[in-house]
Amino acid sequence: MSPVPPAVTATSDPEPRRPVFLPAPLTTWQETWRWLVTVTASLLLLVVGSTDAAFAGRSLGLDVLLGVVAFGAFAVRRRWPLLAGAVACLAGSFSMTGVPPSLVVLMSVATRRRWREIAALGVGWVSLSVVYDRMTSDMTPTVPWWALMIATLLVYGIVVAVGSYVGARRELVATLRTRAETAEREQSARVDQARAEERTRIAREMHDVLAHRISLVAMHSGALAYRTDLGREETAQTAAIIRDNANLALKELREVLGVLRDLNASPSSATPERPQPLLGDIHELVTSARSAGTTVALDIAPEVEEALPGLSGAVSRAAYRIVQEALTNTRKHAPGMPVDVCVGRSTAPDGVDRLTIEVLNALPAARPSGKRGPTDGPPSSGLGLTGLAERASLAGGELRHGPDRSGRYVVSAWLPWS
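Counting along the sequence shown from 1, when you hit position 356 you're at 356 in the UniProt record's numbering, and nothing is skipped either side.
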């Protein structure tokens, strides 16, 4: 039996590390003027301090050498801030020339706002400054050690305060920049999503409308090719139906292309959505199907007929498209077969009212493979019922389709009543 691994316990850092917002690289001019100001301040301190009696007995060469070391820390303060701060504490405490660059380095460390580092460097700076002053002063110093410590702490506090302010401002600027970039990306993603949704909507509408029109054109043109017994008037009537549906299909296609022409246009500038048919227009749809030669029996429950004006637009449009696509599929796959369209109202087990749609047609007799009838429609893409199922789902309902036990093909859907 394998030993049980020791339990992993979560440990928390007593002082979580603050995320560091790396400052932007300095330009040549920004780095140059910092060097000029710091070098000038060091030279002034060296000149003034060398003439002071308190400087007597100190090695000028050692002071300058430590100042050079402090400037070395100044040069690498942004790359290795903690190491530069430690070197600056040593050099600045024992060298007057190294005080200006050391203060700048300590200020740079303070921008990180890591208080352990700041406290450790502060203790080192103050302690070394007081010790060095006691070592180089006369036996009876004029300034008490505690006064020197307070003065050094005051200077260090000012340096830390300025550095913390600069660091906080950098974090604020970095945060605002990040938020702006994130907002810009999110806005771009929303625009892309809106465009994709608009294209999906247009593609769905184009399929629903054009498939209906083109199937009528294909069916009637096929009938003209096979029916040689049609009289002149019947032929002219069929040709008029073909012409009207072709013109309507062309009009619909032009509207779609007008929306898609400018691919880079924002959704707000797109062509306004044209009025969509609702369930109340189902009588015209059935009349059009009957004029095309399809036998359609429409049965709408009286309570549905009365409530048609009050149905929501999404539910009403979805119900219309379901019936339209079902009639189109019947013309494609079961030409000449009668169709029953039933629209009613039912109550779900949970007590919620539903709008129910059923479209039923008999299945045609099987034909030899590769044979097409005179009224066969164009080849099916297989996406119509899939799109209807998605449309029903978006409206909060469900769609099912397939043959039943009696040998009829059934498209059945329910949608929320309100």
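Each residue gets a CB set at the ideal place from its N, CA and C atoms; glycine is no exception. These numbers were taken from a predicted model, which means no experiment stands behind them.
- Across the structure, Leu399 and Ser221 are spaced so that their CA atoms are roughly 32 Å apart.
- Going by C-alpha positions, Leu36 is about 45 Å away from Ser188.
- Here the C-alpha atom of Arg254 lies approximately 15 Å from the C-alpha atom of Ile214.
- For the segment 39 to 113, the continuous alpha helix (DSSP H) assignments of 4+ residues that do not extend past its boundaries occur at 60 to 75, 81 to 94, 99 to 110, in sequence order.
- If you check the CB distance, Gly122 and Tyr156 come in under 7 Å.
- Listed as beta-bridge partners of His401 by DSSP are Val411.
- Here Ala73 is near Val87, since their CB atoms are less than 7 Å apart.
- Comparing alpha-carbon positions, the option among Met149, Ser346, Ser108, Ser312 lying closest to Ser93 turns out to be Met149.
- Closest in alpha carbon position to Ala120, among Ser95, Tyr132, Leu90, is Leu90.
- Using a Cβ-Cβ distance cut-off of 8 Å, the segment 225 to 245 and the segment 336 to 351 are not in contact, since fewer than three pairs of beta carbons, one from each stretch, lie closer than that value.
- Under the Cβ criterion (8 Å, minimum of three pairs), the segment 309 to 326 counts as touching the segment 384 to 397.
- Your pair Ile322 and Ala225 does not check out as a contact, with CB atoms roughly 31 Å apart and the cut at 8 Å.
- For a cut-off of 8 Å, the C-beta gap from Leu415 to Ala318 is around 6 Å, short enough to register as a contact.
- Around the beta carbon of Gln324, a 10 Å sphere encloses 16 or more other beta carbons of the protein chains shown; the residue is thus reported as buried.
- Going by DSSP, Thr330 is part of the alpha helix (DSSP H) stretching over 313 to 333.
- For Thr347, the pairing in a beta bridge is given by DSSP as Asp353.
- In the structure shown, Ala297 adopts extended strand secondary structure according to DSSP, grouped into three states.
- Just measuring C-alpha positions, the residue of Leu360, Leu103, Ala240, Ile282 sitting nearest Ala161 is Leu103.
- Counted as a single uninterrupted DSSP element, the alpha helix (DSSP H) harbouring Pro302 occupies residues 302 to 307.
- A distance below 7 Å between beta-carbons, with the five flanking residues on each side excluded, links Thr38 to the following residues of its chain, in chain order: Phe74, Pro100, Pro101, Val104.
- Secondary structure in the segment 166 to 247: no alpha helix (DSSP H) run of 4 residues or longer lies completely within the stretch.
- In the three-state scheme derived from DSSP, where H, G and I count as helix and E and B as strand, Ala119 is classed as helix.
- For Thr330, the CB contacts under 7 Å within the same chain, skipping 5 residues up- and downstream, are Thr294, Met337, Val339, Asn361 in chain order.
- In this structure, the CA atom of Ala84 is about 47 Å from the CA atom of Arg190.
- Cβ-Cβ distances below 6 Å link Tyr409 to Asn361, Leu363, Pro403 in the same chain, with the five nearest sequence neighbours on each side left out; the list follows chain order.
- Minimum Cα-Cα distance from Ala307 among the listed residues Ser288, Arg199, Asp353 corresponds to Asp353.
- Apart from sequence neighbours up to five positions away, the residues of its chain that approach Val69 with a beta-carbon distance below 6 Å are Ala91, ordered along the chain.
- CA-CA distance, Arg290 to Ala180, rounds to 59 Å.
- Close CB contacts of Tyr132 within its chain, under the 7 Å cut and outside five residues either way in sequence, are with Ser93, Phe94 (chain order).
- With contacts defined by Cβ atoms closer than 7 Å, Val296 and Val304 do not form a contacting pair.
- For Val159 against Leu106, the beta-carbon gap comes to about 5 Å, under 8 Å, which counts as contact.
- The Cβ atoms of Ala348 and Val411 lie no closer than 7 Å to each other.
- Counting of Cβ neighbours within 10 angstroms places Thr178 among the exposed residues, the total staying below 16.
- Pairing Val126 with Leu154 gives a Cβ-Cβ distance that is not under 7 Å.
- In the DSSP assignment, Thr287 falls within the unbroken alpha helix (DSSP H) covering 282 to 291.
- Between Ala246 and the set Val109, Ala211, Trp145, the nearest pair of CA atoms involves Ala211.
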